[in-house]
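Going by our numbering, the letters in the sequence shown line up with residues 199 to 598, in that order. Think of the CB as a built atom: it goes at the ideal place given N, C-alpha and C, for glycine as much as any other residue. Beneath this line is the structure, given in structure tokens, with notes to follow.
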Amino acid sequence: MNMNKFLQNNTVLKILALVMACIVWVIVHAPASSPTGAASVMETFHRPIHVAIGPSMTLAAIHPSEVSVSVTVSAANAVLLSSQMQNVDATVSAVGLAAGTHELRVSLQGMPSVQAYSVSPKVVQVVLAGKASASETVQVQTSGHPASGGLLGTVTVNPAVVSVTGPDPQVKQVAAVIADVSVDHATHTITETVPVVAVDGDGHPVQGVAVSPSRVMVTVPIVSQHDHVTLVPQLSGNPAAGYAVAGVSLNPGHVQLFGMPTAISVDDWTLPVSLEGLSSSTTLHLAVPLSRGVERANPAKVAVQVNIEPAATRSFVNLPIQVINVPSGESVTLLRVQKEDVHVYGPVSLVDNLQANDIQVTLNAANLPAGDDEATVAVHVPQWLVVTGVSATSVPVKVT
């Protein structure tokens with residue numbers, strides 16, 4: 199069979215036509231190729247949504263907070279796509295809108311040149327609230343403990359007051375603004391710039407509010423000064439009727455105070471002791487009081503032994519009046535009264551052993567004017583005894 203006869207065969211021609219049609223269909227429906235012959239690829243990126251709002255509004259919530267961007271690009275350009283998409287901003291505009299819930303369309307800014315892209319979702323829900331603000335004093339929370347012997351001094355914060363802004367409901371939740379500082383093993387004053395956090399009444403951070411400034415400078419002095427002081431009992435109240443105090447002793451009588459030098463540079467330290475209603479001897483365990491600038495005492499408590507006895511009274515008559523502190527060149531004469539009767543009250547053991555010469559009746563002549571005058575008489579008795587009466591509290595004198 200020659201070529202002419204082959205081509206004149208209708209069956210052969212039909213087969214050739216079918217083959218050519220298949221080839222054309224494949225060419226038409228094949229994927230488009232780039233000039234370099236590379237295929238297209240599709241990638242998906244997630245971008246956070248930025249909301250533009252008016253000056254009197256604040257963003258209370260947004261849902262969802264990011265969008266998915268599906269991008270189709272040639273394989274050759276796909277290498278740079280990831281870095282290019284980092285510059286893309288997903289935005290919605292709520293400028294001029296009132297407080298409430300709004301459905302807003304997302305737009306993309308800075309998209310690179312691509313074959314195609316799509317955004318999901320196209321619309322997001324934005325909740326706006328009126329902007330509120332409040333001023334809060336920064337509270338410092340310290341963690342850890344200074345090095346052995348170290349104590350915390352008075353903490354200072356700069357600035358001490360910060361501004362909290364945000365949606366009104368969230369701002370009202372703010373109970374405090376906290377700055378955390380670690381003093382663990384510190385040996386000297388700490389000065390740090392630390393972030394501040396707005397927290398609610400349970401100490402949990404309040405979301406959706408901004409604190410300005412967001413960082414403050416905190417100074418925490420570390421002091422290690424200490425000194426020994428003598429405890430002095432300061433008695434108050436009265437024992438039960440018919441009883442009297444026979445003695446008070448402290449164990450120990452000295453303690454070590456730690457704190458600021460100006461606060462502990464003293465010799466004596468007062469320890470309040472109440473005697474109210476006591477009818478028998480007792481031992482009280484009392485905490486050493488701490489004043490401003492004093493961090494602690496060692497020991498923190500002392501034992502106070504209070505001796506209580508039945509009370510007794512006793513009178514002494516005709517005790518001579520002693521004139522003391524007579525100025526040089528002057529003479530003081532007692533007129534009419536030279537002796538006193540004295541009545542004493544106290545614990546029975548001391549009253550029973552009291553002698554007349556244990557009592558001093560004196561008249562201080564240091565500031566008496568010249569001539570006739572009345573001078574006050576003072577009576578001195580041993581500790582824990584009380585003078586309940588004298589025959590005369592003042593006597594006539596002549597000063598020459």
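- A straight-line Cα-Cα distance of about 57 Å links H578 and V416.
- For N562, no alpha helix (DSSP H) run applies; the uninterrupted beta strand (DSSP E) run containing it begins and ends at 558 to 562, by DSSP.
- V293 is not a Cβ neighbour of V304, given a cutoff of 7 Å.
- Linking G406 to A288 through their CA atoms gives a straight-line distance of about 20 Å.
- The Cβ-Cβ distance between L455 and A501 does not fall below 7 Å.
- Per DSSP, reduced to three states, the secondary structure at S268 is strand.
- Short of 7 Å from the beta carbon of D366, and not among the five residues preceding or following it, lie these beta carbons of its own chain, in chain order: A327, G328, A330.
- For G342, the CB contacts under 6 Å within the same chain, skipping 5 residues up- and downstream, are S380, V381, D382 in chain order.
- Taking C-alpha positions only, L433 is separated from V535 by approximately 36 Å.
- Cα atoms of G475 and L552: separation of roughly 26 Å, rounded to the nearest angstrom.
- For the segment 464 to 551, the continuous beta strand (DSSP E) assignments of 3+ residues that do not extend past its boundaries occur at 466 to 472, 480 to 485, 492 to 496, 499 to 522, 530 to 532, 537 to 545, in sequence order.
- For K370, the enclosing alpha helix (DSSP H) begins and ends at 366 to 371.
- About 6 Å separates the beta carbon of T256 from that of G364, a gap short enough to meet the 8 Å contact definition.
- In the structure shown, P419 falls within a coil segment according to DSSP collapsed to helix, strand and coil.
- Distance between T270 and L278, taken at the CA atoms: about 13 Å.
- Note that the C-beta distance between I420 and T389 is not below 7 Å.
- Annotation: S478 to V504 spans about 9 Å, alpha carbon to alpha carbon.
- DSSP places L583 outside both helix and strand once states are collapsed to three, so it counts as coil.
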